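Enquirer: Input: one structure, supplied below.
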Amino acid sequence: MSYIALKHLHTTVITLTLLLFVLRGAWMFAGSAMLERRWVKITPHILHTLLLASAFGVAWVGYGWPAGGPGWISAKLIGLLAYIALGIVALKPARPLKVRVSAFIGALAVFAYLVAVAYGKAIIPL
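If you want it as structure tokens, here you go:
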């Protein structure tokens with residue numbers, strides 16, 4: 197797959213992941229039964245798998261990572277894992293509400309960091 201195709205796939209999956217995460221967060225805070233729907237439980241796993249696979253693909257095809265490439269790519273991949281982990285904590289109903297709210301806000305902050313790193317091409321974006 198070409199770099200451009202991988203990049204488009206990656207940005208599409210990023211958008212879908214964020215939209216579904218925010219929607220699931222809204223449902224969680226509202227106490228909606230939508231969170232119990234089968235597609236709502238399965239789709240995030242599919243999106244996260246595609247997100248990781250496309251991230252590795254873009255890093256490898258576009259930048260020669262992990263053998264080389266800029267450090268900001270490694271920062272993005274570590275940040276992506278942090279985003280996924282925080283998202284899991286945020287949407288676990290067994291956790292206290294304060295923990296879920298903190299993890300939800302943390303996941304959104306990590307997401308914003310990832311976007312800034314992608315545009316700025318630096319570990320510490322300005």
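Here the sequence shown stands for residues 197 to 322, where the numbers follow our numbering.
Backbone N, C-alpha and C fix where the C-beta goes; we use that ideal spot for every residue, glycine too.
Since we're looking at a predicted model, the values are computed, not measured.
1. Have a look at R234 and K272 and give me their C-alpha separation to the nearest angstrom.
2. Buried or exposed for M224, please, with buried defined as at least 16 other CB atoms from any protein chain shown within 10 angstroms of its CB.
3. In three-state DSSP terms, what is M197?
4. Report yes if the CB atom of H206 is closer than 8 Å to the CB atom of V254, and no otherwise.
5. Apply the 10 Å Cβ neighbour rule to P240 and answer buried if 16 or more other Cβ atoms are within range, or exposed otherwise.
6. Could you spell out where the alpha helix (DSSP H) holding L322 opens and where it closes?
7. For the candidate residues G221, L215, L248, whose alpha-carbon lies nearest to that of A278?
8. Under the assumption that F217 contacts A303 (Cβ atoms under 8 Å), give the Cβ distance between them as a whole number of angstroms.
9. Is there at least one Cβ from chain B nearer than 8 Å to K294's Cβ?
10. Note down the Cα distance separating I301 from A308, rounded to an integer number of angstroms.
11. Determine the DSSP secondary structure at P240, reduced to helix, strand or coil.
Expert: Taking the structure as given:
1. For the purposes of this step, residue 234 is taken as residue 38 along the sequence shown, with counting starting at 1. For the purposes of this step, residue 272 is taken as residue 76 along the sequence shown, with counting starting at 1. Whole-angstrom Cα-Cα distance: 30 Å.
2. The residue labelled residue 224 in the question sits at position 28 within the sequence shown. Its Cβ being crowded by 16 or more others within 10 Å, M224 is buried.
3. Residue 197 sits at position 1 when you count from the first residue of the sequence shown. Note: M197 maps to coil in three-state DSSP.
4. Taking the sequence shown and counting its residues from 1, the one referred to as residue 206 is at position 10. Taking the sequence shown and counting its residues from 1, the one referred to as residue 254 is at position 58. In this structure, V254 lies closer than 8 Å to H206 by Cβ.
5. Taking the first residue of the sequence shown as position 1, residue 240 is located at position 44. With 16 or more other Cβ atoms from the protein chains shown falling within 10 Å of its own Cβ, P240 counts as buried.
6. Stepping through the sequence shown from its first residue, residue 322 is reached at position 126. Segment: none, L322 is in no alpha helix (DSSP H) and carries neither H nor E.
7. Counted from its first residue, the sequence shown places residue 278 at position 82. The residue from G221, L215, L248 with its alpha-carbon nearest to that of A278 is L248.
8. Here residue 217 corresponds to residue number 21 of the sequence shown, with the count starting at 1. Here residue 303 corresponds to residue number 107 of the sequence shown, with the count starting at 1. Indeed they touch by this definition, with Cβ atoms about 7 Å apart.
9. Of the protein chains in this structure there is only one, and it is not chain B.
10. Locating residue 301 in the sequence shown gives position 105, where the first residue counts as 1. Locating residue 308 in the sequence shown gives position 112, where the first residue counts as 1. Taking the straight line joining both Cα atoms gives about 11 Å.
11. For the purposes of this step, residue 240 is taken as residue 44 along the sequence shown, with counting starting at 1. In the structure shown, the three-state DSSP call for P240 is helix.
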